[in-house]
Amino acid sequence: MMILTISTPPHFRFWATVSSHGWCMLPPFDYDDGARTLSRVQQLRDGRVVRLTLSEAPGGLAIAVEGAAPSPDEQAEIIGAVNHMLNLDRDFSDFYAHISGHPRYGWIETVGAGRMLSSPTVWEDLTKTLLTTNTTWNMTIQMCRRLITLGDPYPAGGYAFPTPERLAAMNPDDLNAQVRAGYRGAYLHELANRIASGELDVESWRDPALPSADLYKRIKGLKGFGDYAAGSMLKLLGHFDRLATDTACRAVYRDRINGGNAAADDREIAAYYAPFGRWQGLVQWMDVMEDDLRHL
DNA sequence: TTCCAGGGGTAGA
DNA sequence: TCTACCCATGGA
Numbered sequence: 001m002m003i004l005t006i007s008t009p010p011h012f013r014f015w016a017t018v019s020s021h022g023w024c025m026l027p028p029f030d031y032d033d034g035a036r037t038l039s040r041v042q043q044l045r046d047g048r049v050v051r052l053t054l055s056e057a058p059g060g061l062a063i064a065v066e067g068a069a070p071s072p073d074e075q076a077e078i079i080g081a082v083n084h085m086l087n088l089d090r091d092f093s094d095f096y097a098h099i100s101g102h103p104r105y106g107w108i109e110t111v112g113a114g115r116m117l118s119s120p121t122v123w124e125d126l127t128k129t130l131l132t133t134n135t136t137w138n139m140t141i142q143m144c145r146r147l148i149t150l151g152d153p154y155p156a157g158g159y160a161f162p163t164p165e166r167l168a169a170m171n172p173d174d175l176n177a178q179v180r181a182g183y184r185g186a187y188l189h190e191l192a193n194r195i196a197s198g199e200l201d202v203e204s205w206r207d208p209a210l211p212s213a214d215l216y217k218r219i220k221g222l223k224g225f226g227d228y229a230a231g232s233m234l235k236l237l238g239h240f241d242r243l244a245t246d247t248a249c250r251a252v253y254r255d256r257i258n259g260g261n262a263a264a265d266d267r268e269i270a271a272y273y274a275p276f277g278r279w280q281g282l283v284q285w286m287d288v289m290e291d292d293l294r295h296l
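Note that our numbering has the first sequence beginning at 1, numbered continuously upward.
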């Protein structure tokens with residue numbers, strides 16, 4: 001086993017990032033709340049499959065790599081993947097400046113929350129986001145568990161996330177017989193096809209220079225991605241100027257902000273978060289996650 | 001049985 | 001722009 005170490009930005013909080021949303025529960029991610037480690041089986045560009053385990057280390061993070069010892073190029077690839085996963089290149093100082101001292105949101109800076117856990121690839125984030133639509137969180141986990149068995153296995157257990165090429169090569173009916181994604185199965189197969197064929201270069205969507213309005217339009221152009229899914233994806237891509245209002249957000253707004261009174265219209269919810277401007281999507285998500293994050 | 005979940009596509013006004 | 005209806009799946 002090889003240990004790689006990386007440094008992290010000044011206000012980085014490892015466990016607040018891992019716990020930022022449900023992604024750490026979706027395989028190939030796996031986490032240990034007691035030991036505060038995040039693991040995943042990861043396939044490298046040359047096809048080799050390794051297992052990564054991240055933990056805090058003095059000055060940054062330790063990345064334990066199990067499997068064959070990675071070459072220098074592979075080490076760089078692994079570090080790049082971890083940078084994507086933990087969004088280490090994003091700066092949240094302006095976010096904290098916005099909410100600093102706010103009566104409702106002061107806890108966010110105290111906990112160091114805000115940075116979100118992403119997947120190493122945009123493809124994986126798109127797939128998982130699609131599997132969160134119109135279903136329960138438990139069903140999302142089950143669909144994801146079945147999906148990754150289509151990826152390459154790690155000898156000691158687990159699977160790497162399947163490539164778009166792998167899914168595109170399958171018959172759509174066979175794919176859905178395995179994943180049981182319901183009507184989403186056809187959308188997933190179409191997404192895999194458009195990426196595998198080269199029609200879509202979704203990995204380029206991580207470019208911070210891309211305007212979020214442009215990205216939003218591109219994401220909504222994908223079958224199965226509406227306002228919630230596109231807003232959700234924007235967050236994983238580092239843009240927070242859009243809301244992603246789903247049933248969880250509506251319930252939180254009703255119970256906590258609207259005093260448990262009536263269910264609010266989406267326009268009312270939008271008006272409440274609008275003053276947070278480019279950070280409104282993140283503030284909305286922090287409301288949903290408050291109970292899980294504020295006592296980390 | 002019916003309803004619905006971290007919704008979205010489509011047709012018709 | 002808004003509404004009505006449909007969509008697979010599995011738990012409540």
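By construction, the Cβ of each residue, glycine as well, lies at the ideal position given by its N, Cα and C atoms.
Query                                                                                                                                                                    : Result
For residue 204, is the classification buried or exposed, using 16 other Cβ atoms within 10 angstroms of its Cβ as the cut-off for buried?                               : exposed
Quick check: residue 241 and residue 277, are their CB atoms within less than 8 angstroms of each other?                                                                 : yes
Just the Cα atoms here: how many angstroms apart are residue 267 and residue 159?                                                                                        : 42 angstroms
CA-CA distance, residue 157 and residue 73?                                                                                                                              : 25 angstroms
Can you check which of these residues, 16, 46, 47, is closest to residue 37 by C-alpha distance?                                                                         : 16
Using only the alpha-carbon positions, how far apart do residue 183 and residue 212 sit?                                                                                 : 28 angstroms
What are the partner residues of residue 55, as DSSP defines its beta bridges?                                                                                           : 62
Should the stretch 22 to 36 be regarded as contacting the stretch 123 to 142, the criterion being three or more beta carbon pairs within less than 8 angstroms?          : yes
Could you compute how far the alpha carbon of residue 219 sits from the alpha carbon of residue 233?                                                                     : 8 angstroms
Exposed or buried, which one is residue 124 when buried takes at least 16 other CB atoms within 10 Å?                                                                    : buried
Taking the C-alpha atoms as reference points, what is the distance between residue 40 and residue 261?                                                                   : 42 angstroms
Is residue 200 helix, strand or coil when you go by DSSP?                                                                                                                : coil
Would a C-beta distance cut-off of 8 angstroms place residue 224 and residue 121 closer than the cut-off?                                                                : no
Please tell me whether residue 282 and residue 12 are closer than 8 angstroms, where the distance is taken between their beta carbons.                                   : no
By Cβ distance below 8 angstroms, which residues in the same chain neighbour residue 93 in space, the five residues on each side in sequence not counted?                : 11
Report all residues from its chain with a CB closer than 7 angstroms to the CB of residue 65; omit the five preceding and five following residues, and keep chain order. : 1, 2, 4, 50, 52, 78
Give the range of the beta strand (DSSP E) segment to which residue 19 is assigned.                                                                                      : Element bounds for residue 19: n/a, residue is neither H nor E.
Measuring alpha carbon to alpha carbon, tell me which of 129, 21, 42 ends up nearest residue 228.                                                                        : 129
Determine the closest residue to residue 279 out of 296, 294, 235, 250, with distance taken between C-alpha atoms.                                                       : 235
Just to confirm the assignment, what range does the alpha helix (DSSP H) spanning residue 95 have?                                                                       : 93 to 99
With 16 other CB atoms within 10 Å as the buried threshold, where does residue 109 fall?                                                                                 : buried
In the structure shown, what three-state DSSP assignment does residue 212 receive?                                                                                       : helix
Do residue 87 and residue 115 have their beta-carbon atoms positioned less than 8 angstroms apart in this structure?                                                     : yes
Using only the alpha-carbon positions, how far apart do residue 222 and residue 70 sit?                                                                                  : 36 angstroms
Helix or strand or just coil, what does DSSP make of residue 132?                                                                                                        : coil
Would you mind stating whether residue 296 and residue 19 have Cβ atoms separated by less than 8 angstroms?                                                              : yes
Start and end of the alpha helix (DSSP H) containing residue 140?                                                                                                        : 137 to 148
With burial defined as no fewer than 16 other Cβ atoms inside 10 Å of the residue's Cβ, what is the status of residue 329: buried or exposed?                            : Any property of residue 329 remains undetermined from this structure, which presents the chain solely from 1 to 296.
Since residue 40 is in the beta strand (DSSP E), which residue starts that stretch and which ends it?                                                                    : 37 to 43
Let me check understanding here. Comparing Cα to Cα, which of 272, 42, 180, 107 lies closest to residue 135?                                                             : 180
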